[in-house]
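Engineer: In full-length UniProt numbering, the protein residues as written are 1 to 392.
Glycine residues also receive a C-beta, built at the ideal position from the N, C-alpha and C atoms.
From a predicted model like this one, the values you see are computed outputs, not experimental measurements.
What follows is a structure written as structure tokens; I'll ask about it next.
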């Protein structure tokens, strides 16, 4: 995790909590244990980062060090690092840059060299629903409640209307959220199998619109509103995308002899998809570090919603579907091997999948094998692979 520049205040905060009402003014406390060496490898690296948020309480002391420092009275970056993402600049700000006070619904990265016991006192908050504002681009949203909250309870309100985030009618926020535990993982959209926001965890969410939108999170067991009917966008059908599980290829990549793997990429096939951007496609979450590999489909040339995608869906017709996968890798002084592994998910038997490494002039039948080793030359930071899916 790196920061660009030092700032004493955040002009645009990743999340702005609003509509917060104390419950009876009584004092309560919440606790949490942070493990330094999550991976158990004896060293602190990107696998040990924590994407974290404070649930339920408006803290008596909102200073991020007071909340996440485990009783530390001074900030020692060799022992603990606290970072917040600023969507206005696209940069991370560290504790010494002057971070916004901690509130439920906000999110931070915490990196610690020692185990920490967090104990936070404050006043319980309740809202109906709990509301935060997501700026355009990436935002880190924390679970605002002290209980597991289904993603089916998360809505977006760009104007007077309110729409569940997972539905196809939502044209403002990606229907995937990304958590972190030894690497990124997806929070499954609520259209098929609801995923969950967990207390003390925070999640990346992407606002693809040009202005801020409100994110509404309803407490478990609280009735949620019926969404205002809207027409599906991009010719896609909400019913079609919700009716069947994902079909396609999930990929993960790791440097040889290292355990960290990027597991975010999914190449999907759906009759509800279009050749260009649609609501099935989701952006790739921000990189953890330049020192670990990353895989995505680069659609920076798209006229609408350009960017790097972790979920790229296409319709399967009579012509082959060609996915151009970018492996973004660290700058190494020598040639480095990267292992690309894959799982075929619900891919019909009459469909062929081939991985092609153009630079090495090699191709792999993805049904007969489940992994490929790409050797990247020294001082090379990107490698392009092609995945071709076609009917036999």
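(1) Taking all protein chains shown into account, do 16 or more other C-beta atoms lie within 10 angstroms of the C-beta of residue 284, making it buried, or fewer, making it exposed?
(2) What's the gap between the Cα of residue 230 and the Cα of residue 156?
(3) Just tell me which of 31, 74, 346 and 149 has its CA closest to the CA of residue 122.
(4) Identify the continuous alpha helix (DSSP H) that holds residue 185 and give its terminal residues.
(5) Within a Cβ cutoff of 7 Å, which residues of the same chain sit near residue 342, ignoring the five residues on either side of it in sequence?
(6) If you run the structure through DSSP and keep just helix, strand and coil, what is residue 66?
(7) Using a Cβ-Cβ cut-off of 6 Å (strictly less than) and excluding sequence neighbours within five positions of residue 289, which residues of its own chain qualify?
(8) Taking 6 Å as the limit between beta carbons, can you name the residues of its chain near residue 328, skipping five residues before and five after?
(9) When the distance is taken between beta carbons, is residue 312 closer than 8 Å to residue 267?
(10) If residue 163 sits next to residue 187, beta carbons under 8 Å apart, how far is it from one beta carbon to the other, in whole angstroms?
(11) What are the boundary residues of the beta strand (DSSP E) that residue 52 is part of?
(12) Hey, could you find the ends of the beta strand (DSSP E) residue 331 is sitting in?
(13) Smallest Cα separation from residue 110: which of 87, 130 and 66?
(14) Would you grab the beta carbon distance between residue 199 and residue 135 for me? Rounded to a whole angstrom, and I think it's under 8 Å.
(15) Using the C-alpha atoms, what's the distance from residue 331 back to residue 386?
(16) Compare the C-alpha of residue 318 against each of 340, 390 and 255 and name the closest.
(17) Give the range of the beta strand (DSSP E) segment to which residue 256 is assigned.
(18) What are the partner residues of residue 196, as DSSP defines its beta bridges?
(19) What did DSSP end up calling residue 385 once you bin it into helix, strand or coil?
(20) Looking at the structure shown, is residue 46 part of a helix, part of a strand, or coil, going by DSSP?
(21) Rounded to the nearest angstrom, what separates residue 233 and residue 208 at their Cα positions?
(22) Using the Cα positions of residue 384 and residue 218, report the straight-line distance between them to the nearest angstrom.
(23) Where does residue 60 sit, in a helix, a strand or coil, going by DSSP?
(24) Using the Cβ count rule (16 or more neighbours within 10 Å means buried), how would you classify residue 71?
(25) Using only alpha-carbon positions, find the residue among 50, 137 and 257 that is nearest to residue 83.
(26) On the three-state DSSP scale, how would you describe residue 95?
(27) Keeping to the same chain, check which residues put their C-beta closer than 8 Å to that of residue 282; ignore five residues upstream and five downstream.
(28) From what residue to what residue does the beta strand (DSSP E) around residue 207 run?
(29) Distance, Cα to Cα, residue 322 vs residue 124?
(30) Count the other CB atoms, across all protein chains shown, that sit within 10 Å of the CB of residue 214; report buried if there are 16 or more and exposed otherwise.
(31) So, for residue 243: in the same chain, excluding its five sequence neighbours on each side, which residues have a beta-carbon less than 6 Å away from its beta-carbon?
(32) Note down the Cα distance separating residue 184 from residue 133, rounded to an integer number of angstroms.
(33) Taking DSSP as the reference, what is the three-state secondary structure of residue 75?
(34) What separation, rounded to the nearest whole angstrom, lies between the Cα atoms of residue 68 and residue 100?
(35) Using alpha carbons as the reference points, say which of 77, 261, 276 and 246 lies closest to residue 269.
(36) Identify which residue in 275, 92, 89 and 131 has its Cα closest to the Cα of residue 103.
Structural biologist: Taking the geometry as given:
(1) buried
(2) Per-residue confidence for residue 230 stands at a pLDDT of 42, beneath the threshold of 50, marking its modelled position as unreliable; the derived number appears in the next sentence. Using only the alpha carbons, I get a separation of about 13 Å.
(3) 31
(4) That residue, residue 185, is in no alpha helix (DSSP H); its beta strand (DSSP E) goes 184-187.
(5) 249, 250, 251, 366 and 370
(6) helix
(7) 46
(8) 294 and 382
(9) yes
(10) Residue 163 to residue 187, Cβ: 17 Å. No contact.
(11) 50-52
(12) Where residue 331 is concerned, there is no enclosing beta strand (DSSP E), given that its DSSP letter is neither H nor E.
(13) 66
(14) No, residue 199 and residue 135 are not in contact; Cβ-Cβ is about 24 Å, not under 8 Å.
(15) 22 Å
(16) 390
(17) Segment: none, residue 256 is in no beta strand (DSSP E) and carries neither H nor E.
(18) 150
(19) strand
(20) helix
(21) Legend: pLDDT at residue 233 = 40, less than 50; position of this residue unreliable, no value from coordinates given.
(22) 42 Å
(23) coil
(24) exposed
(25) 50
(26) helix
(27) 174, 175, 176, 206, 309, 310 and 311
(28) 202-207
(29) 51 Å
(30) buried
(31) Per-residue confidence for residue 243 stands at a pLDDT of 44, beneath the threshold of 50, marking its modelled position as unreliable; no derived number is given.
(32) 23 Å
(33) coil
(34) 13 Å
(35) 246
(36) 131
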